[in-house]
Structures are given as structure tokens and as C-alpha cells.
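There are 2 protein chains.
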Amino acid sequence: MATKQLASWALTLQFANLTTPVVDMAVKSLHNWGGCAIGGYHQPVVALVQDAMVPFAAPGNSSLLGIQGFYDAQHVALMNGLASHVDDYDDTHVDTPIHPSGPVASALLAFSEWKGNVTGKDFLTAFVAGLETEMKLGLSVYPEHYDIGWHITSTVGSVGAAVACGKLLNLTQEEMQFAISTASIQVIGMHSSFGTDQKPFHIGRAAQSGLFSAVMAKGGLHGALDGLEDKLGWVNVVSTRNNITDYFNILGKVWETTRNTFKPYPCDRVLHAPIDGWVQVRKQALEQGLSFSSITNITARTNPSVLFLTDNPDPQTGLAAKFSFYHAAAISLLIGQATPTQFSDEVVRNTTIKALSKKVSVIGDKTIPDYSAYVSVTFGNGIVLDTHVEHAIGSLANPLSDDYLRVKFLDQVSKQIGEENAQCAHMAFLNMVDLRDMRELTKTFTSKLTRRDSRRGDPSVYIM
Amino acid sequence: MATKQLASWALTLQFANLTTPVVDMAVKSLHNWGGCAIGGYHQPVVALVQDAMVPFAAPGNSSLLGIQGFYDAQHVALMNGLASHVDDYDDTHVDTPIHPSGPVASALLAFSEWKGNVTGKDFLTAFVAGLETEMKLGLSVYPEHYDIGWHITSTVGSVGAAVACGKLLNLTQEEMQFAISTASIQVIGMHSSFGTDQKPFHIGRAAQSGLFSAVMAKGGLHGALDGLEDKLGWVNVVSTRNNITDYFNILGKVWETTRNTFKPYPCDRVLHAPIDGWVQVRKQALEQGLSFSSITNITARTNPSVLFLTDNPDPQTGLAAKFSFYHAAAISLLIGQATPTQFSDEVVRNTTIKALSKKVSVIGDKTIPDYSAYVSVTFGNGIVLDTHVEHAIGSLANPLSDDYLRVKFLDQVSKQIGEENAQCAHMAFLNMVDLRDMRELTKTFTSKLTRRDSRRGDPSVYIM
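The listed protein sequences derive, respectively, from chains Z and B. The first sequence begins at 1 in UniProt numbering and counts up by one. The second sequence begins at 1 in UniProt numbering and counts up by one.
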């Protein structure tokens with residue numbers, strides 16, 4: 001029943017069913033996603049995947065967001081999905097580690113440009129259908145599914161993207177069930193990829209797989225009608241926990257979308273609370289005139305998930321440093337900031353940063369929630385500064401303000417496409433609800449971008 | 001070490017290292033795969049996936065095998081992989097239920113046409129590297145990985161395809177490790193798809209994912225160097241069994257390729273032994289002048305895996321009937337043949353076949369290997385005919401003869417592309433070892449094929 005229940009709920013969902021907080025959070029999520037997707041194009045991995053995919057991509061009218069480039073919807077979903085996650089700066093569902101917008105928005109925007117005449121309201125409704133799909137499905141199997149090593153954002157992401165695109169395709173009930181189950185048997189992403197180029201690829205591939213699954217369902221591809229709950233289907237194959245009935249029964253009654261949060265720092269979310277703490281300690285130390293070179297010891301007590309995810313004492317790249325507790329401590333104390341710049345390869349390899357990171361240790365404590373931390377720093381002469389972060393900035397109880405989100409967006413986006421385009425993009429995302437055609441959104445900034453000098457699909461250039 | 005060990009072994013493998021039985025079986029495997037891939041284009045699902053993928057495919061010089069159509073290598077890998085498995089007529093590794101050729105050959109042939117100047121010997125060497133990868137990896141996690149619901153052909157297939165293509169790309173050791181781990185985090189296919197359009201899609205998607213993973217690795221995509229054996233990587237995430245060290249230690253010492261077998265009937269392999277038995281009973285009954293309409297009871301004692309995989313008493317489509325013990329019994333007794341024709345939708349819905357299939361029952365017996373069966377049929381007046389099949393035709397101890405394979409190939413292929421083209425294809429596959437460029441193989445028959453009237457990439461045709 002679960003697959004049918006999800007399909008039926010998603011297909012009947014109307015914009016009028018969305019509460020004001022849901023619409024508000026959906027718009028904020030798309031705005032934050034847009035900033036990450038445009039800004040993410042600065043990372044080398046995005047360019048190299050573009051080069052790798054171009055020989056296989058059709059001409060099209062869907063937009064790469066951070067560089068001038070128009071390809072078919074499926075490959076653009078891949079590229080924008082990858083870019084939106086590469087900085088680990090996107091969003092996080094409070095009750096799971098799902099970063100929900102990436103797979104769904106990347107598929108849906110590329111798809112809407114292809115289809116044409118998708119209104120802002122229809123887009124937002126399909127987007128929410130996709131988000132709710134991801135988070136309800138994730139809750140059904142969390143934490144067992146995640147703890148065994150699956151990257152839950154992409155494993156549920158293909159299904160969310162299929163539901164969102166399937167809604168815009170006006171699939172029938174059965175077609176939507178097929179779209180869901182076809183997406184669900186493409187399970188993307190494991191923790192072994194964390195800190196590498198593969199991690200953002202998960203999100204792009206999930207977007208692409210979901211979009212294609214919906215298109216194939218529209219074209220008549222049949223499959224399991226009960227793909228999610230079948231005894232040899234998704235939930236039972238990928239998890240030892242199965243709460244799908246409970247969570248799908250409250251689809252549309254409890255909105256997970258309102259429990260989405262935005263990252264203040266471009267790194268794994270479990271680092272946000274200790275970073276807040278060290279930035280506070282840095283301020284105290286500056287006020288007291290203490291020397292950072294005198295630091296002998298840096299500690300934190302946090303939720304043990306920090307050790308599971310970020311116990312990398314010697315990262316060699318910016319992407320790896322996003323999963324290094326040690327690097328996070330060093331930049332927070334020495335620079336007092338954690339923006340994409342502090343997670344560049346150059347900063348990661350800086351010898352002063354590296355030296356300080358060797359003085360960091362961490363104690364896992366199950367009684368501490370993952371949005372809290374106790375940090376402590378010992379300076380010369382045994383002076384200890386410490387602090388307790390109860391609710392990290394960006395957590396549900398301490399959300400990013402509209403102003404923070406605006407500054408975050410403009411900072412990421414201006415660096416990639418210039419200030420004027422960034423302002424256009426910022427306004428376009430915030431005002432999307434009134435658009436008559438989602439193609440208007442991307443037109444406001446992509447037409448003015450610079451074309452990247454990509455190695456074009458000639459195999460003699462590429463594969464020899 | 002496992003990922004590194006596999007990468008190193010695959011990269012150093014030379015044609016001269018292959019024993020004669022390995023080369024012979026590799027050629028037979030490609031020949032059998034070619035017949036299935038060309039013949040598979042008769043199934044409607046192949047045409048509908050072609051329509052669905054065309055808007056996303058680049059122009060290219062890789063060949064759809066059963067119809068005139070040239071696209072980029074990745075989409076052709078998808079299409080030929082799908083077609084090669086759709087009739088469930090391909091090949092099977094004796095020690096696992098892996099159908100090894102599909103993912104690797106589909107990726108490798110499409111890739112070789114794109115790259116150009118790939119000799120028959122280089123192709124065969126890369127093909128064997130891919131096959132051995134799939135089967136060693138599968139053995140490392142079998143049966144637990146399969147029994148929980150994964151379609152092992154596609155879950156190991158993406159890795160096999162990546163290794164094969166990576167070898168032709170002359171990847172470095174590290175690049176090959178990245179190609180392997182990127183392929184491994186795209187886990188395709190579950191049993192819930194069996195008997196539906198999704199099942200052959202698994203194989204195509206695995207081929208496509210593997211090919212793309214190798215290309216991305218060549219382009220510089222980094223990832224886990226130890227993706228297979230990482231504590232949060234492939235083996236540990238998808239299986240509770242982990243014998244990877246034992247099996248990878250005998251790479252190149254024990255050749256799994258020589259333990260490949262070919263399907264005599266286009267349906268799940270566990271049905272082959274009882275089909276043999278019922279065909280024998282049919283002959284006895286004809287000799288004795290018994291009436292098939294008098295049959296009151298049909299039974300078989302077989303390995304219990306039959307009940308796990310083929311317990312579908314009322315299939316509605318040809319694809320579903322490939323996983324129906326009941327349909328298999330009815331066609332074997334009433335028609336005495338099991339070719340693609342007996343697994344068409346029309347035959348499946350035939351009322352006489354359906355009526356007889358209601359009289360079938362099965363007893364699982366763990367002492368009986370899956371290549372054996374005891375069958376028994378009760379006719380009017382209580383006359384019982386029974387037989388014991390010790391080694392089903394097509395099993396390792398009773399392999400298909402060269403003549404059987406030739407007839408099988410020509411039968412499948414002639415129906416799709418005509419007798420003359422079929423003869424050309426037959427000879428081209430059998431003589432591939434001496435080719436200077438694998439493009440010569442496909443040219444012998446694809447240039448003369450008919451172009452299918454496909455709905456071309458205009459979204460207004462396709463998605464509205």
C-alpha cells in the first residue's frame with residue numbers, strides 16, 4: 001500500500017493545500033538551493049564532470065546554473081545537483097541527515113525548463129511533494145539505513161525527484177507507482193565517498209535517475225507497483241528498520257518541509273555547534289589579548305556522531321576538510337570564519353592551520369544533541385576559555401535569519417556570476433511563486449553568464 | 001587493499017595471460033550476448049526506453065544492435081544492455097546467479113565504437129577483466145547479498161563495466177580505483193522488479209553507470225581509494241557476508257569465465273531442469289497416445305529456490321511468465337518448446353495454457369541442486385509419467401553444444417534483422433579475436449538495418 005499511498009497523495013496535492021509556513025519554507029529552500037547550485041560551480045569537480053558528461057548529453061534548453069551552458073534536462077539535473085551539494089552548504093532536515101532540496105530542485109528546474117509553461121505555484125507544489133517524499137521515506141528507515149553506510153540524501157533523493165517530475169508529467173496513479181519504484185531500485189551513495197568528489201556526484205546522479213524514471217513511466221515502463229514496501233523491495237533491501245506505514249499515514253498531515261534548516265557553514269552539519277563555540281572562544285581570546293600561537297590544547301564534548309563522520313585528523317583537500325573536526329577547530333579559532341574560502345585546498349594545506357589542528361581532541365557524549373557542543377581551549381600559562389553552545393546557529397531553534405540567508409546567497413553567487421547577476425538571481429528565487437513560466441527565473445541571469453571553455457565531445461580530445 | 005588489488009590485476013592483464021579455455025568461453029559469451037542483444041529489440045520495452053532516452057542522448061557512432069540507430073556510447077550501453085537481458089535468455093555463472101556478459105559487453109562494445117581502433121584481442125582482454133570482476137565480487141557477498149533482494153547481476157555489473165572500460169582507457173592505478181568505487185556507489189536492481197520491464201533496465205543502467213564512472217575517473221574524478229572494502233563502502237553496505245579478500249586473492253588464478261553457462265530457454269534458470277523433464281514427459285505421452293486434456297495433476301520436486309523466484313501462478317505478461325513455474329510447465333507439456341515465442345503475451349494469455357497451469361504444484365527439496373528436478377504428470381485413468389533430470393541442458397555438466405548456440409543465435413537474430421544480416425552477425429561475433437577494430441564487427445550488420453520510427457526528442461511530442 002505504501003507506494004500507492006505516496007503516489008495518490010502526491011498526485012492529488014494542490015498548491016491550495018500547502019500551509020503558509022510550508023510555502024515560505026519551500027521558497028527559502030529553493031532560494032538557498034539556488035545559491036548553492038550557482039556558487040558550487042567554482043569547484044573543480046563541477047567542471048570535470050561537465051567535461052565527462054558532454055559527449056553523452058543532448059542539446060537542450062535546460063540551464064547549467066553557474067556557467068553558460070544549455071543541455072538536455074537529465075544532464076542538467078546531474079550538473080546542478082552536483083554543484084548544489086559540492087560545498088556542503090545546502091540544507092538539512094532536522095530529524096534525519098537528509099539535505100532535501102538538492103535532488104528534487106535540480107531535477108525539477110531542469111525538467112521545467114524542458115517542459116515549458118510550468119508556473120511558480122505548480123513548481124512549488126511539485127517541489128513540496130518531492131521534499132515530503134524524501135523525508136517521510138528517510139524517516140521510515142532512519143537511523144539504521146544511514147548508520148550502515150548509505151548516503152540517505154541520495155538514496156531517497158531519486159524517489160523524491162521522480163515524484164516531483166512525475167507530478168508535472170501528470171502521471172496516472174499506476175504510472176506514478178512505476179516511477180517511484182523505478183527510481184527506488186537505483187540506490188546511489190555511500191559514506192565511503194564523504195570528503196571526496198563522489199559525494200556531490202551522488203546528489204546529481206539521484207536527480208538524474210529520478211527525472212529519467214518519471215519520463216520512462218510516462219513512456220510506459222512498467223515495474224513493481226509496490227516497489228517501496230515489497231518484501232524484496234526498497235525498504236526491506238536497504239534497511240533493517242521499516243516504519244513506512246506510520247510515516248506515510250501522516251503524509252500531508254505533518255509537514256517535514258517546515259523542519260528544514262539551512263547550513264551556516266559549508267561543512268558537515270555536526271561541526272556547526274563546535275564551530276560556533278570556537279568562534280566565541282576566539283572573540284574572548286582577542287578581548288583578553290591572548291596569543292593563538294600559545295594554544296596547547298583544544299577539546300570539545302559533542303554528540304558521538306562527530307566521531308563517526310568527521311574524525312579525519314589530516315585532510316588533504318577542501319572537500320575532505322568538510323569532514324574534519326580538526327580543520328574546523330583550527331579555522332574557527334585562527335580565522336573566526338567558516339565560509340567556502342576556509343575550505344579551499346589552499347587553506348587546508350596552510351601550515352599554521354595544520355599545526356593548530358594537531359592540538360585538537362574530541363570526546364563523544366551521547367547525552368549531547370548534535371546541535372549542541374561544549375568547547376574548551378587551553379592557552380599559554382594554563383588559561384582555559386570555554387563555552388557551551390546550546391543551539392547552533394542554523395538549527396531549528398536558532399534558524400538563519402532572512403538577512404543571513406541573503407548575505408549567504410549573494411556571497412556565494414556574486415563570486416561565481418558577478419554582483420549584478422547575483423542580485424537578479426536572488427530576486428528571481430524569492431519571487432518565484434508568481435512566475436507564469438519557470439523559464440523566466442533562469443533567464444534573469446543565465447543568459448548573461450560566461451561560457452566555460454569546455455573540452456567538447458570529441459573523443460579524440462577526451463578519451464585518448 | 002581489495003580495490004587496489006582488483007585495479008592492479010585488471011590493468012596488468014594481457015591477452016597472453018588468458019588460457020585457451022578462457023578465450024574460447026569469452027568468445028562464446030560475446031556471441032551469445034550478441035544474439036540476445038540483437039534479438040531482444042523485438043520486445044516493446046526496448047522501444048519505449050529508446051523513446052524515453054532519445055531526448056537526453058547525444059549524436060554518436062555507437063550502434064543500437066537490433067535496429068538502425070547511432071547515439072553516444074553511454075546511451076547505447078543502456079539500450080543494448082536492456083535488450084540483451086529482456087528475454088532472460090543470456091548466460092549464468094554457475095556459482096552465483098550472475099548473468100555476467102550483459103553489463104560488461106554492452107558498455108564495452110558501445111565504448112569501443114566510440115573510442116575506435118580497439119582490437120579484438122584488447123576487447124576480449126578487457127571483457128574478461130570485467131567478467132572476472134563481476135563474478136569475484138559477486139562470490140564475495142553471495143548468497144546473503146542476493147537473498148536479501150539485490151539483483152546481483154546489476155549490482156556487480158556497474159563495477160565490471162567500469163573495470164572493462166577503464167582498461168581500454170588506460171587508467172592509472174589510482175584512476176582505476178576511483179572508477180571502481182564510483183561505479184560501486186551506484187547500486188542498481190532489486191528482485192521486486194523481476195518479471196517486469198524494470199529487470200532488463202537494471203542491466204542497461206549498470207552498463208551505463210560503469211562506463212560513465214570510468215570516463216569520469218579518466219577526467220579526474222576522485223573518490224574513495226578503498227571503495228569496495230571500506231567499512232562504510234560497497235561490501236559492508238550491501239551485504240552481511242564479506243569474503244572479498246579470499247576471492248580477490250585468486251584473481252587470475254581461478255578463472256570464473258570458464259564457469260559461465262548459456263541459457264537454453266528464455267526464462268529464469270531455475271526453471272530449466274523442470275522444463276527439460278516436462279518436455280521428456282511430453283514425448284513419452286505422445287508415444288503412448290495419452291491426451292493432454294486428461295491431465296489432472298503436474299508436480300515437481302526441485303531446489304526451493306524455485307519457490308523463492310518463480311512462484312507466480314497467474315502471470316499476465318510474457319516478462320512475468322519468465323518467473324512462473326506454472327506457465328513453464330504448461331508450455332513444456334502442451335507445446336514441447338520454450339523459446340521467446342512461448343513467452344509472448346499472447347501465449348501467456350492463451351486459455352488452454354492458463355487452464356493447464358492451474359494443475360501445477362511444486363515441492364521444494366534442499367537436497368536437490370538447482371540444475372536438477374524430479375517431475376511427474378498424472379493423466380486420465382491415473383496414469384503417471386515421471387522422470388528425473390540430473391543435469392539440465394545448459395548446466396555446466398551438460399553444456400549447450402556449438403550447434404545449439406548457433407541455432408539459438410540465428411533464430412533470435414533472424415527474426416529481428418533478417419537471415420542475411422544474422423549470418424553476418426554470427427560470423428562477426430565468432431571471429432572477433434582477429435579484428436583490428438571492433439567497429440568492423442558492428443558494421444557487418446548494423447548498416448543494413450531498418451530505422452525505427454522513433455518519437456524524436458521534441459518534448460511537445462514526448463512529455464505532454
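We put the beta carbon where it would ideally sit given N, CA and C, even for glycine.
Can you list, in chain order, the residues of the segment 236–256 of chain B whose Cβ is nearer than 7 Å to any Cβ on chain Z?
-> 236 and 237
Exercise. Using a threshold of 8 Å, state whether the C-beta atoms of residue 278/B and residue 356/B are closer than that.
Key: no
_Minimum Cβ-Cβ distance from residue 196/Z to chain B less than 8 Å_ = yes
**Item:** Range of the contiguous beta strand (DSSP E) that encloses residue 262/B
**Value:** 260–262
Given residue 471/Z, which residues of its chain have a CB within under 8 Å of its CB, disregarding the five upstream and five downstream residues? Given a span of 1 to 464 for chain Z in the structure shown, any question on residue 471/Z remains unanswerable.
- Query: Can you name the residues of chain B whose CB is closer than 7 Å to the CB of residue 55/Z?
  - Reply: 58 and 72
Beta-carbon separation (whole angstroms), residue 328/B vs residue 400/B, contact threshold 8 Å = Contact flag wrong, Cβ pair sits at about 18 Å.
- Touching by the beta-carbon criterion (3+ pairs, under 8 Å), the segment 207–227 of chain B and the segment 100–120 of chain B: yes
With DSSP collapsed to three states, give me the class of residue 375/Z.
strand
For residue 406/Z, three-class secondary structure by DSSP: Three-state DSSP puts residue 406/Z in a helix.
**Asked** Under 8 Å Cβ-Cβ, which residues of chain Z neighbour residue 203/B?
**Response** Those within 8 Å of residue 203/B in chain Z number zero; the least Cβ separation is about 12 Å.
message = Give me the DSSP bridge partner(s) of residue 59/Z.
response = For residue 59/Z, which the question treats as bridged, DSSP gives the partners 71/Z.
Quiz prompt | Separation of residue 13/B from residue 169/B, as counted between CA atoms | solution = 14 Å
Which chain B residues are close to residue 191/Z, counting only those with a beta carbon under 7 Å from its beta carbon? 232
Counted within 10 angstroms of its Cβ, other Cβ atoms place residue 458/Z as buried (16 or more) or exposed: Here residue 458/Z scores only 45 on pLDDT, less than 50, and its place in the model should not be relied on; the value that follows carries that caveat. The residue is exposed, with fewer than 16 neighbouring Cβ atoms inside 10 Å.
inquiry  = Between residue 216/Z and chain B, is the shortest Cβ-Cβ distance under 8 Å, so that the two count as touching?
reply    = True, the Cβ-Cβ gap to chain B drops below 8 Å.
Quiz item: Got a sec: is the Cβ-Cβ distance from residue 51/Z to anything in chain B below 8 Å?
Solution: yes
- Task: Give me the Cβ distance between residue 184/B and residue 159/B, rounded to the nearest whole Å; I'm assuming they're in contact under 8 Å.
- Result: About 5 Å separates the Cβ atoms of residue 184/B and residue 159/B, confirming a contact at the 8 Å cut-off.
**Request:** Take residue 8/B and list the residues in its own chain whose beta-carbon comes closer than 7 Å to its own, dropping the five residues that flank it on each side.
**Result:** 173
(message) Less than 7 Å separating the Cβ of residue 425/B from some heavy atom of the ligand MN?
(response) Absence of the ligand MN from the depicted structure is noted, as is the absence of any ligand whatsoever, leaving it without description.
task = Indicate whether the contact test is met: 3 or more Cβ pairs, each with one atom in the segment 236–247 of chain Z and one in the segment 260–268 of chain Z, closer than 8 Å.
result = With a cut-off of 8 Å on Cβ pairs, the segment 236–247 of chain Z is not in contact with the segment 260–268 of chain Z, counting fewer than three such pairs.
Within 10 angstroms of the Cβ of residue 337/Z, are there 16 or more other Cβ atoms? Answer buried if so, exposed if not.
In summary, residue 337/Z is exposed, with fewer than 16 beta-carbon neighbours lying within 10 Å of its beta-carbon over all protein chains present.
Can you find a CB in chain B that lies within less than 8 Å of the CB of residue 182/Z? yes
Fill in: Distance, residue 167/B Cα to residue 31/B Cα
Going from the Cα of residue 31/B to the Cα of residue 167/B covers about 21 Å.
- Query: So, is the C-beta of residue 457/Z closer than 8 Å to a C-beta in chain B?
  - Reply: Low confidence applies to residue 457/Z: its pLDDT is 44, below 50, so where it sits in the model is not reliable, and the reading given next is rough at best. For residue 457/Z, the answer is yes, since a Cβ of chain B falls inside 8 Å of its Cβ.
Rounded Cβ spacing between residue 387/Z and residue 375/Z (contact assumed at less than 8 Å) = 6 Å
- Item | As assigned by DSSP and simplified to three states, the class of residue 303/B | coil
- Item | Coil, strand or helix - residue 438/Z by DSSP | coil
>> Restricting to Cα atoms, I'd like to know which of 33/Z, 403/Z, 19/Z and 300/Z is closest to residue 81/Z.
In response: 33/Z
Cutting at 6 Å between CB atoms, please list the residues of its own chain near residue 142/Z, excluding the five before and the five after it. 96
Check: DSSP on residue 80/B, reduced to helix/strand/coil?
Finding: helix
In the segment 71–95 of chain B, which residues sit with their C-beta less than 8 Å from some C-beta in chain Z, listed in chain order?
-> 72, 73, 74 and 75
Among the candidates 242/Z, 178/Z, 292/Z and 85/Z, whose CA atom is the shortest distance from the CA of residue 213/Z?
Nearest option by C-alpha distance: 178/Z.
- From residue 133/Z to residue 186/B, what distance separates their C-alpha atoms? 21 Å
Item to check | C-beta neighbour in chain Z for residue 327/B, strict 8 Å | outcome: By this cut-off, residue 327/B is not an interface position.
Quiz item: Per DSSP, what kind of secondary structure is residue 312/Z in: helix, strand or coil?
Solution: coil
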